[in-house]
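To convert a position in the sequence shown, counted from 1, into my numbering, add 629.
Idealized CB from N, CA, C, for every residue including glycine.
Comments concern the structure below.
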Amino acid sequence: MNKRNIVLIGMPGVGKSTVGVILAKILGYKFLDTDLVIQHEEGKLLCEIISEQGVDGFIGVENRIISGIEAEKTVIATGGSAVYGREAMKKLSERGIIVYLRLNYNSLEKRLGDIQNRGVVIRRGQTLQELFSERIPLYEKYADIVIDENGCGIEKTISKLTEGLRDFGVKVAQ
C-alpha cells in the first residue's frame, strides 16, 4: 500500500493538531487526532487513563489503539508519546509519511506552560527536559521529514511542510 497519510509527530505543544487541521484543508484530506480517538475508544480523558493505568499502561493503550487505525488520505496528529509504541509507529510508517515537527527546548517550555494540565505522558519525578531528551532520538528515528519550527509561526510551518511534502511526491496546490 502506498503512503497515503501524513503523520505528524513531535513533543506536546509543537502544534501537531493545529497544523494538522490546516494541512488537511490544504490537501483535501481528512483529519484525525489520535488523542481524541483514544478518549473516544476508552470513554475516558487521557489524564484519567494515565491516572488509572500509569504511564506504561497508557502507552500500551495508545499503541493498541493507534495500531488499529485504518485511514487513507488522512492527516494524523499523534500524541507526543506515540513514538513509544513500536507496533503503532510501524503501521503509521507503512501507511504514511512521518513528519517530525521540531522545536527547541526553550521555545517548547514557553509554549507548554503548566504541563500538569495538558495530559503530558511524563513519569513521576521526570522533568520536561529529561522527557525532551528521551523522545528526540525516537522522533528523529521515525521521521521521513523534519520541519524545524524554531522562529516560525503557523504560516511558515505550513509553508515548510507543504514544500517537504512536494519533495515526497504529494500533490499540494500552489
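Check, Outcome
"Would you list the residues sitting across from Ile667 in a DSSP beta bridge?", "Paired residue(s): none; Ile667 is not in a bridge."
"Helix, strand or coil: how does DSSP classify Ile655 here?", "helix"
"Please state whether DSSP places Ile698 in a helix, a strand or coil.", "coil"
"Excluding the 5 residues preceding and the 5 following Thr791 in the sequence, name in chain order all residues of the same chain whose CB lies nearer than 7 Å to its CB.", "Ile655, Val801"
"Less than 6 Å between C-beta atoms, sequence neighbours within five positions excluded: which residues of the same chain meet that for Lys789?", "Ile776"
"Exposed or buried, Leu674, counting other C-beta atoms within 10 Å across all chains shown (16 or more means buried)?", "exposed"
"With a threshold of 8 Å on Cβ separation, who are the neighbours of Met630 within its own chain once the five nearest residues in sequence on each side are excluded?", "Any answer about Met630 is weak, because its pLDDT of 41 lies below 50 and its placement is not dependable; what the coordinates show is given next. Closer than 8 Å at Cβ, skipping near neighbours: Glu723, Arg724."
"Do Leu794 and Ile698 have their C-beta atoms closer together than 8 Å?", "no"
"Check each candidate in Pro641, Gly639, Val650 and name the one with the smallest Cα separation from Ile787.", "Val650"
"Short of 8 Å in beta carbon distance, which residues of its chain neighbour Cys781, apart from the five on each side in sequence? Order them along the chain.", "Lys789"
"Checking 8 Å against the spacing of the C-beta atoms, do Ala711 and Thr756 come in under that value?", "no"
"From Ala653 to Phe797, what does the alpha carbon distance come to, in whole angstroms?", "16 Å"
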